[in-house]
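Accompanying notes for the structure given below.
Protein chains: 2
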Amino acid sequence: MATEPERRPELKDLEALLRSSEERPLADFLEEVHPADLAEWMEELDEAEALRVLGALHGENRTELLSFADDSVRESLLPHLSAKELTNIVEGMPADEVVDLLALTDEETTNQVLRKVDFERAAGLRELASYNADTAGGLMTSEYVAVGEEAHVSDAIKEIKSEEGPAGEEEVGVFVIDPAGLPVGYVSDRELLTTPIHTPIRDIMETDLISVPANADQEDVAHLFRKYSLAALPVLDPEGVLIGVISSEDIHDVLEDEAEEDILRIVGTSPREQTKLPVLVRVRHRLPLQALTVVGGLVTAYLLGRAFPDGGDTTDILRYLPIIIGLAGNVGIQSSTVLVRAYATGELSAERENSVLASEILVGCLIGLVCGTATFLVASYMEGSGSAPNYPFGFAIGGAIAVSVSWAALLGCLVPFTCERIGIDPAVVAGPFLITLSDISGAAIFVFVATSLGLSG
Amino acid sequence: MATEPERRPELKDLEALLRSSEERPLADFLEEVHPADLAEWMEELDEAEALRVLGALHGENRTELLSFADDSVRESLLPHLSAKELTNIVEGMPADEVVDLLALTDEETTNQVLRKVDFERAAGLRELASYNADTAGGLMTSEYVAVGEEAHVSDAIKEIKSEEGPAGEEEVGVFVIDPAGLPVGYVSDRELLTTPIHTPIRDIMETDLISVPANADQEDVAHLFRKYSLAALPVLDPEGVLIGVISSEDIHDVLEDEAEEDILRIVGTSPREQTKLPVLVRVRHRLPLQALTVVGGLVTAYLLGRAFPDGGDTTDILRYLPIIIGLAGNVGIQSSTVLVRAYATGELSAERENSVLASEILVGCLIGLVCGTATFLVASYMEGSGSAPNYPFGFAIGGAIAVSVSWAALLGCLVPFTCERIGIDPAVVAGPFLITLSDISGAAIFVFVATSLGLSG
């Protein structure tokens with residue numbers, strides 16, 4: 001993807017260097033690596049390796065690494081940084097990033113760092129930290145350039161130069177504010193570059209401003225950026241005073257995260273990068289939907305039992321069919337959606353493919369085991385006569401569910417994986433095709449296993 | 001959401017003005033409206049009204065309206081614009097927008113317009129039009145500022161001023177290219193503003209450039225923007241020569257559209273703004289998944305009939321249960337997903353809520369009718385003896401399916417709608433809760449209707 005793909009350093013180059021004990025080549029190598037790549041690679045390193053990388057980085061490079069790093073990498077590195085080192089790191093970081101970073105440290109470290117940074121900046125950071133991360137206040141930076149209505153282009157440029165500290169505020173043009181602090185106009189950097197410097201700012205400023213209150217939901221903020229094709233969005237306090245600015249780049253993550261959240265919630269799992277979580281956590285995230293399906297299916301089986309009291313063995317098996325149809329569909333769509341999205345967002349890199357596939361299949365089988373056991377227990381009692389549970393029947397139904405759910409999970413993982421391999425967009429096939437395939441084969445396996453396990457039709 | 005929400009003009013103000021016949025107040029009113037708002041309102045106007053609005057707009061305002069308008073609005077307006085008017089409109093439009101707009105006109109009009117615009121620009125536009133819309137080439141603009149390696153800051157600024165035509169290229173800084181046209185560096189507008197003008201450009205340019213080939217998929221382009229927090233991305237031809245630039249704002253739509261596509265495909269419907277399509281088109285988009293489910297369910301029913309040949313009436317009804325469990329889940333999740341996403345992306349505005357709700361319910365009922373009829377026909381023959389179809393049985397099963405699918409569609413629409421009304425995020429409830437609810441109630445209704453229609457258990 002890069003200009004000269006063959007020259008760009010890769011994770012395996014770093015791993016090779018980490019196996020040697022020399023520090024010099026490591027530091028030289030890291031100079032050549034884009035901090036965004038390094039931040040991604042850090043997720044694959046163990047703690048000792050990650051600390052060696054951190055030790056080989058200095059100044060701006062540390063700041064950039066921590067700016068690009070995910071929370072998981074930040075959390076593993078932060079305990080190893082002194083308050084002084086952390087102060088140096090945040091010095092060169094945009095204010096909104098600093099707030100996100102300090103939110104991961106303990107209160108004492110945060111206070112130590114805030115005491116060391118410039119007084120005015122510390123006040124701004126404390127203010128920023130008070131906003132909910134999912135709101136406009138949580139996205140904005142308080143470090144931007146604003147000038148009064150009487151300013152000329154030259155004043156705006158002077159103001160930019162004076163504000164340009166090591167931190168570097170967002171590069172989002174200049175806002176024009178009235179004496180009360182209300183935004184009345186906006187001028188882009190490009191406009192400043194192309195206008196004679198003695199021009200009054202009010203002659204060139206754009207006055208039809210779109211803005212948001214600080215408590216606006218980040219999803220609404222993203223809509224405004226899309227709808228109005230904004231480069232920057234001013235954030236206001238309840239009096240309408242300008243208190244921060246959100247940039248277009250800040251919105252990329254919001255758009256992706258919000259869509260991701262909706263997708264994963266629709267298929268009944270937690271809105272987090274699933275493939276990076278431990279297997280048991282994934283099982284826990286997805287069990288509520290399956291539990292609901294099992295309960296629903298058991299209620300259906302019970303009601304059908306009341307409707308057809310003298311149905312015989314065949315009817316008894318078929319009454320439990322809704323459980324497996326529901327479960328097979330859910331388990332399959334959860335696994336396939338998690339994989340489809342992991343491919344789509346780039347969460348799933350080639351080197352992780354096999355281990356992610358194996359772990360997803362394991363997640364599905366564990367869910368099958370839990371649901372099968374639960375059904376075994378309930379069905380044994382439900383189909384028992386009086387106080388004597390019918391264990392053979394329960395075991396046949398529970399075992400059949402465990403087997404066919406595992407099968408559905410296997411399908412749900414292998415279908416998108418195979419599609420990706422042979423070059424078909426997995427999203428197209430994973431939905432409809434998969435649901436139907438797992439419905440039919442799940443039902444067939446269920447009936448086959450249930451009858452083999454002791455209930456002949 | 002705006003600075004002074006009570007003052008911002010609304011659609012109903014426009015509609016009131018359109019009811020009067022005076023032109024003057026309409027033109028004055030439109031001066032106050034943001035073109036992005038106007039573009040959205042145009043979707044709600046009939047053709048005569050839309051043309052009156054277009055007639056009241058001139059110059060830059062027409063260009064902006066067409067820049068912000070959706071394809072549906074563009075398609076309705078374009079036939080009413082002469083090649084000359086269209087030429088004036090595209091004059092002030094970024095090149096990537098022009099290409100998208102001209103793609104909607106017939107070839108003759110396109111050629112007329114291209115003959116009227118500046119020769120160099122026409123060549124660039126023809127080149128841009130040759131790229132697939134879903135690739136880096138389809139997203140980029142060919143109008144950006146580039147300077148040689150020997151340039152100074154003053155040269156870069158001079159170049160920006162000279163390029164700044166009425167069209168206004170993307171405001172994405174300046175790229176530095178070597179004599180062969182390969183990009184070697186990048187300088188932001190902010191950097192140019194804050195650096196003394198006699199500084200050599202190579203002293204301040206960023207050299208660690210990320211770039212893409214023109215045929216890169218737009219999804220991969222969006223990943224690069226997110227991963228590297230880019231403000232602009234250079235696009236290269238196969239020789240590595242810089243041929244275009246993609247800006248951060250271009251990516252918002254890509255991120256949203258790609259996620260949307262995946263979501264809607266996962267639930268088995270077409271990746272388009274569903275709530276804005278006619279009812280029958282929506283039915284057509286969703287039927288393939290339902291047809292697959294019906295076929296799968298009928299196969300299951302057939303196999304179960306072979307496994308349990310002497311089951312009697314009860315077994316015969318229960319063998320068809322998988323169809324309704326599958327259909328009820330699919331129909332419910334399609335409608336709820338369409339509504340959840342329409343709320344989330346702002347596609348569903350308050351004034352459209354009731355009509356969208358009614359049309360979605362209608363879509364579900366029509367799908368129920370089609371699936372019920374199909375099942376009626378197939379089941380009649382499948383359960384008939386010899387050549388005599390069993391119509392009463394088929395009717396009972398088909399009717400039960402039509403009723404319970406309609407019920408599931410009703411649930412799938414009302415649950416997210418009610419959540420939105422009472423302030424719960426519909427995405428949380430719409431998935432798991434809905435699937436289970438429609439499974440159980442769908443199965444219950446199916447059995448009840450099937451038995452009432454002539455098959456007692």
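Residue numbers (our numbering), protein chains in the order written: chain A, 1 to 457; chain B, 1 to 457. Backbone N, C-alpha and C fix where the C-beta goes; we use that ideal spot for every residue, glycine too.
Do valine 449(A) and glycine 399(A) come within 8 Å of each other at the CB atom, strictly closer than that value? yes
State the Cα-Cα distance for the pair threonine 418(B) and isoleucine 424(B), rounded to the nearest angstrom. 9 Å
What does leucine 171(A) reach in chain B if we use C-beta pairs closer than 8 Å? The sequence shown places glutamate at residue 171(A), rather than the leucine named in the question. By Cβ distance, chain B contributes Ser188, Asp189, Arg190, Ala231.
With 16 other CB atoms within 10 Å as the buried threshold, where does leucine 30(A) fall? buried
Would a check of beta-carbon distances place alanine 214(A) closer than 8 Å to chain B? no
I believe isoleucine 246(B) touches leucine 139(B) by the beta-carbon criterion, under 8 Å. Please report the beta-carbon distance rounded to the nearest angstrom. 5 Å
At which residues does the alpha helix (DSSP H) containing valine 415(A) begin and terminate? 391–422
For tyrosine 186(A), which beta-bridge partners are listed by DSSP? Phe175(A), Glu206(A)
For valine 294(A) and glutamine 274(A), what's the separation of their Cα atoms in angstroms? 23 Å
Nearest-angstrom Cα separation, counted from leucine 14(B) out to alanine 374(B): Their backbone Cα atoms lie some 47 Å apart in a straight line.
In whole angstroms, what separates the C-alpha of valine 33(B) from that of histidine 252(A)? Those two C-alpha atoms are separated by around 27 Å.
Just the Cα atoms here: how many angstroms apart are valine 90(B) and serine 142(A)? 38 Å
Expressed to the nearest angstrom, what Euclidean distance is found between the alpha-carbon atoms of glutamine 112(B) and glycine 124(B)? Cα to Cα, glutamine 112(B) sits roughly 16 Å from glycine 124(B).
Output the boundary residues of the alpha helix (DSSP H) element that contains isoleucine 251(A). 248–266
Cβ-based neighbour list, alanine 342(B), same chain, cut-off 8 Å, excluding 5 preceding and 5 following: Glu273, Gln274, Thr275, Leu348, Val356
Tell me the residue span of the beta strand (DSSP E) that contains proline 79(A). Element bounds for proline 79(A): n/a, residue is neither H nor E.
Since valine 340(A) meets chain B, which of its residues come closer than 9 Å, beta carbon to beta carbon? Within chain B, the residues placing a beta-carbon under 9 Å from that of valine 340(A) are Asp262, Arg265, Ile266, ordered along the chain.
Going straight from the alpha carbon of threonine 325(A) to that of tyrosine 391(A), what length do you get? The sequence given here places isoleucine at residue 325(A); threonine does not occur at that position. Cα-Cα distance, rounded: 23 Å.
Does DSSP put alanine 180(B) in a helix, a strand or coil? Here alanine 180(B) sits in coil by DSSP.
Within 8 Å (strictly less), CB to CB, does serine 248(B) reach chain E? No chain E appears in this structure, whose protein chains are A and B.
4-residue-minimum alpha helix (DSSP H) runs that sit fully inside the stretch 98–135 of chain A, ordered along the chain: 107–116, 119–129
For glutamate 149(B) versus valine 176(B), is the C-beta distance shorter than 8 Å? yes
Have a look at Arg202(B), Val338(B), Leu264(B), Leu54(B) and flag the residue whose alpha-carbon is nearest the alpha-carbon of valine 153(B). Arg202(B)
Minimum Cβ-Cβ distance from phenylalanine 446(A) to chain B less than 8 Å: no
Just the chain B side, please: which residues come within less than 7 Å of valine 299(A) by C-beta, in chain order? Ile440
For the structure I just gave you, are there three or more beta carbon pairs, one from the stretch 281–288 of chain A and one from the stretch 259–269 of chain A, closer than 8 Å? Two segments are said to touch when three or more pairs of C-beta atoms, one from each, lie closer than 8 Å; by this definition the stretch 281–288 of chain A touches the stretch 259–269 of chain A.
Please compile the residues from chain A whose C-beta is within a distance smaller than 8 Å of the C-beta of phenylalanine 29(B). Under the 8 Å cutoff, chain A gives no residues; its nearest Cβ is about 14 Å from phenylalanine 29(B).
CA nearest to the CA of tyrosine 131(B), picked from Ala103(B), Glu75(B), Leu292(B), Ala291(B): Ala103(B)
When you compare the CB positions of glycine 185(B) and threonine 207(B), do they come within less than 8 Å of one another, or not? yes
Keeping to the same chain, check which residues put their C-beta closer than 6 Å to that of alanine 408(A); ignore five residues upstream and five downstream. Ala328, Val331, Gly332, Ser438, Gly442
Leucine 193(B) and isoleucine 197(A) look like a contact to me (Cβ under 8 Å); what is the Cβ gap, rounded to whole Å? Not quite, the Cβ-Cβ distance comes to about 11 Å (not below 8 Å), so this is no contact.
Assuming the contact rule is C-beta atoms closer than 8 Å, leucine 304(A) and arginine 319(A) should be a hit. Round their C-beta distance to whole Å, please. So it is a contact: roughly 4 Å between Cβ atoms.
For my contact list, leucine 77(B) and alanine 50(B) are in at a C-beta cut-off of 8 Å; report their separation, rounded to the angstrom. 7 Å
What number of angstroms, rounded off, separates the C-alpha of glycine 244(A) from the C-alpha of glycine 137(A)? 8 Å
Check each residue of the stretch 198–227 of chain B: if its Cβ is closer than 8 Å to any Cβ of chain A, include it; give the result in chain order. Asp208, Leu209, Ile210, Ser211, Val212, Pro213, Ala216, Glu219, Asp220, Ala222, His223, Leu224, Phe225, Arg226, Lys227
Using alpha carbons as the reference points, say which of Arg306(A), Glu351(A), Pro426(A) lies closest to serine 336(A). Pro426(A)
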